[in-house]
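Chemist: Can you read through this structure? Questions will come right after.
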Amino acid sequence: MANRFESKENRILGISDQFYRIFSVVIFVAIAVLFYLAVDASGRSTIEKQKESLENALSRDIVQCYSIEGQYPPDIQYLEDHYGLTYDKTTFFVDYQPIASNLYPDVTVIQISK
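Residues in the sequence shown are numbered consecutively from 412, following the numbering used here.
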């Protein structure tokens, strides 16, 4: 009587228990892969937003320096020391090329590959 409810095959569809186990593993792997792809895409989106935020902060600080002091900052370190600019130097490289004290500098933000 103990074996009455235990069977090796589903009697309705004729599908074995092994098929259900394999199907469950496949579904689990598919969900894990989709989760990984979602997290990866979210990380890339965050880096892009950080880069955009850094570009805006640089532009704002450069213009603020010019409006207060009457000249553009001589280098990026000047913005960090006097205007509180901070950014992750392991993630972004800022190429700051001053042209003249009265001309807007050439600023490029480059994401460092990891």
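C-beta: ideal position from N, C-alpha, C; glycine also. Remember, it's a predicted structure, so these values are computed and weren't measured experimentally.
Alpha carbon to alpha carbon, how far is V505 from Y483? Give it in angstroms, no decimals.
Modeler: The straight-line gap from Cα to Cα measures roughly 16 Å.
Chemist: Quick one: what's I438 bridged to in DSSP?
Modeler: Per DSSP, none; premise fails for I438.
Chemist: Got a sec? Which residues, its chain only, sit under 8 Å from F503 by beta carbon, not counting five neighbours each side?
Modeler: Counting only Cβ-Cβ distances below 8 Å, and skipping sequence neighbours, we find Q461, K462, L465, V520, I521, Q522 and I523.
Chemist: For T519, write down the residues that DSSP places opposite it in a beta bridge.
Modeler: Answer is D506.
Chemist: What does L514 pair with, by DSSP beta-bridge criteria?
Modeler: Paired residue(s): A511.
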